[in-house]
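For what it's worth, numbering that gives the first Met the number 0 labels the leading residue of the sequence shown as 0, then goes sequentially. Glycine is no exception: its CB is placed at the ideal position from the N, C-alpha and C atoms. Note that the structure is a prediction, hence the values are computed from the model and not measured.
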Amino acid sequence: MDNPANLLEIKDLNVGFDTPDGKVHAVNCLNVSIKAGDALAIVGESGSGKTQTVMSIMGLLAENGHASGQALFKGKDLLQMTTSELNQHRGREIAMIFQDPMTSLNPYLRIDKQMTEVVMHHQGLNKTEARAHAVEMLRAVRIPDPERRIRQYPHEFSGGMRQRVMVAMGLLCAPDLLIADEPTTALDVTVQAQISHLMSALRRQSNTAIILITHDLGVVAGLAERVLVMYAGEAVECGSVEQIYYDPKHPYTQGLLASVPRLDKPEEDGLNSIPGNPPNLLALPEGCKFRDRCPKAHEACSEKPPMQLDEQKHAWRCFLGETA
Ligand SMILES: Nc1ncnc2c1ncn2[C@@H]1O[C@H](COP(=O)(O)OP(=O)(O)O)[C@@H](O)[C@H]1O
Ligand code: SF4
Ligand SMILES: [Mg+2]
0 MDNPANLLEI KDLNVGFDTP DGKVHAVNCL NVSIKAGDAL AIVGESGSGK TQTVMSIMGL
60 LAENGHASGQ ALFKGKDLLQ MTTSELNQHR GREIAMIFQD PMTSLNPYLR IDKQMTEVVM
120 HHQGLNKTEA RAHAVEMLRA VRIPDPERRI RQYPHEFSGG MRQRVMVAMG LLCAPDLLIA
180 DEPTTALDVT VQAQISHLMS ALRRQSNTAI ILITHDLGVV AGLAERVLVM YAGEAVECGS
240 VEQIYYDPKH PYTQGLLASV PRLDKPEEDG LNSIPGNPPN LLALPEGCKF RDRCPKAHEA
300 CSEKPPMQLD EQKHAWRCFL GETA
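This is the structure:
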């Protein structure tokens, strides 16, 4: 049964792309949910299906893409909505911050135009009110001299400042859900920390739930309580930040953690990235998809491992660490 406490409930989500070489299986039977005000991180190497998961629920898949399953937002399936129905939710109730702000900021429009249109459209404010609200949001994300800067074009902002503009735009309508896709990847560590801090503060203020997408487990701890680890389009582990950091069950999560630099451990000889490559999404292997790279692979792994769930709601898809 659907759990009414869930703001977003993704059920059996599959995302595929038709290509001349065949079907790319980008997301495979994904199940995950998020409650109001919660913060979930989705982690995995590049190509693991993180972005396409959220693109599908936002109705933003490329033309050759198709999604099946359900994405229930407040009980209504986003995958079944028409564009105009989706537009009722996008921006106002669900906002998204993209990895590259230049893909969602219009380079030919001043920032004020881009910010005020959203609020005028969704909140019925007049131009002056909308502008005042936009300036207030820019100030909240610590853009100095926001009255002047709001009149500038995106290219007049540095990368870090543009990313802040994106955060401000994402939070403009105090959405119920903010999806941030690698929002800090291109930025230096100090700016990354500031932006994470800002998102947490704004989350507390407006009880916004956050889905943070990242390929780097190192950036998760400060912002999220729960972590979903994806591999080759599948959920391979899901648990609290503590469970994932201190008691990772899946060998892939263990490998990801070993490649995160840690302050509490002396620098060893380089970081251990996981050897090998993810499988070809055009022809996924039977059995465990991590098998080729797994240091613990054994005979049973040619069968598909079940999702195991312990009493603390820590879930992982591997034959090891059995709870039964
Ligand atoms: N339009 C498309 N056509 C074919 N394959 C695509 C398309 N868009 C994305 N993909 C593939 O889907 C897979 C998952 O991509 P993505 O969700 O962007 O990964 P991540 O965000 O985890 O790095 C990748 O292999 C990518 O190449
Ligand atoms: S099921 Fe087998 S191959 Fe897959 S992660 Fe577990 S031990 Fe490794
Ligand atoms: Mg991505």
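### Message
Cutting at 8 Å between CB atoms, please list the residues of its own chain near A70, excluding the five before and the five after it.
### Response
These residues qualify, in order along the chain: L7, E8, I9, K10, L12, S55, I56, D76, L77 and L78.
### Query
Under the criterion of a Cβ to heavy atom distance below 7 Å, does D187 qualify as lining ligand 3?
With a cutoff of 7 Å, D187 does not count as near ligand 3, since its C-beta is closer than that to no heavy atom of the ligand.
### Message
Using the Cβ count rule (16 or more neighbours within 10 Å means buried), how would you classify K49?
### Response
The residue in question, K49, is buried, as its Cβ has 16 or more Cβ neighbours within 10 Å.
### Task
Would you kindly report the start and end of the unbroken beta strand (DSSP E) that includes R141?
For R141, no beta strand (DSSP E) run applies, since DSSP gives it neither H nor E.
### Query
When DSSP labels each residue in this structure, what does N206 get in the three-state scheme?
If DSSP states are grouped into helix, strand and coil, N206 belongs with coil.
#### Entry: Same chain, Cβ closer than 8 Å to A223, five either side skipped, listed in chain order
The beta carbon of A223 is closer than 8 Å to those of A38, L39, A40, I209, L211 and V240 in its chain, skipping five residues each way along the sequence.
### Query
How big is the Cα-Cα spacing for T82 and L60?
Each residue's alpha carbon lies about 12 Å from the other.
### Cβ shell of N63 (< 8 Å), same chain only, five flanking positions each side left out
So the list reads F16, D17 and T18, once near-sequence residues are dropped.
### alpha helix (DSSP H) runs contained entirely in the region 44-86, provided each spans 4 or more residues
The region 44-86 contains these whole alpha helix (DSSP H) runs: 49-56.
### Query
Under three-state DSSP, which class holds Y107?
When secondary structure is reduced to three states using DSSP, Y107 falls in the coil class, being assigned neither helix nor strand.
### Task
Report yes if the CB atom of A173 is closer than 8 Å to the CB atom of T207, and no otherwise.
Yes, they are a contact pair.
#### Entry: Through-space distance from V218 to T189, alpha-carbon basis
In this model, T189 and V218 are separated by some 12 Å (Cα to Cα).
### Query
By Cβ distance, which residues of its chain are closer than 8 Å to N279, with the 5 residues on each side in sequence left out?
Result list for N279: empty, nothing under 8 Å.
### Query
Hey, V134 and I149 are a contact pair by Cβ (cut 8 Å); roughly how many whole angstroms apart?
Right, the Cβ-Cβ distance comes to about 6 Å (below 8 Å), so this counts as a contact.
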